[in-house]
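Position in the sequence shown counted from 1, then plus 437, gives you our numbering. The block underneath contains the structure these notes are about, expressed in structure tokens.
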Amino acid sequence: MAKQQWFTDGSGINHCFGAGIYGPKDDYRESIPMGCHSTVFSAEILAILRCTEHLLTKNTIGRKINICSDSRAAILALAKTTTESSLVWDCMLALEKLSRANRVILVWVPGHQ
438 MAKQQWFTDG
448 SGINHCFGAG
458 IYGPKDDYRE
468 SIPMGCHSTV
478 FSAEILAILR
488 CTEHLLTKNT
498 IGRKINICSD
508 SRAAILALAK
518 TTTESSLVWD
528 CMLALEKLSR
538 ANRVILVWVP
548 GHQ
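The following block contains the structure:
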């Protein structure tokens, strides 16, 4: 089973937020501006969602996919069975769909403190 490693991040500065993904194997990079009415948590979830959507769009199958995030809160939210957040729910559904044909692992990579 071929392995793919992806990195996701969400951040904010001056009350404006954005998300990003990076796949070193494909040298794929994507930045998603979110404007000034969001949260770092939402940016972290959006980054994981966009990474998952990108892999689904590429019809990725038969892979071991590590999606690395420095957001322990995002990973824990996605591990729950219920949520009130539509963004978290959409991300859960996308991860479940990607997992049908791949082995997907969310990896916590401690970031800056």
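Don't be surprised by glycine CBs; every beta carbon is placed ideally from N, CA and C.
Query: C-alpha distance - V544 paired with I512, whole-angstrom precision; Result: 8 Å
Query: Distance between C453 and H474 (C-alpha atoms, nearest Å); Result: 7 Å
Query: For A484 and G457, believed in contact at Cβ under 8 Å, the rounded distance; Result: 6 Å
Query: Collapsed DSSP secondary structure at M471 in the structure displayed; Result: strand
Query: CA-to-CA distance, C505 to I482, given in whole angstroms; Result: 12 Å
Query: Within the segment 480-547, ranges of the alpha helix (DSSP H) (whole runs, at least 4 residues); Result: 509-516, 523-536
Query: P470 beta carbon less than 7 Å from that of G447; Result: no
Query: Contact set for M438: own chain, Cβ-Cβ below 7 Å, skip 5 residues either direction; Result: G499, R500, K501, R540
Query: Own chain partners of F444 with C-beta closer than 6 Å, once the 5 adjacent residues on each side are dropped; Result: Y459, C505
Query: Paired residues, beta bridge with D463 - DSSP; Result: In the DSSP output, where bridge partners are listed per residue, D463 has none listed.
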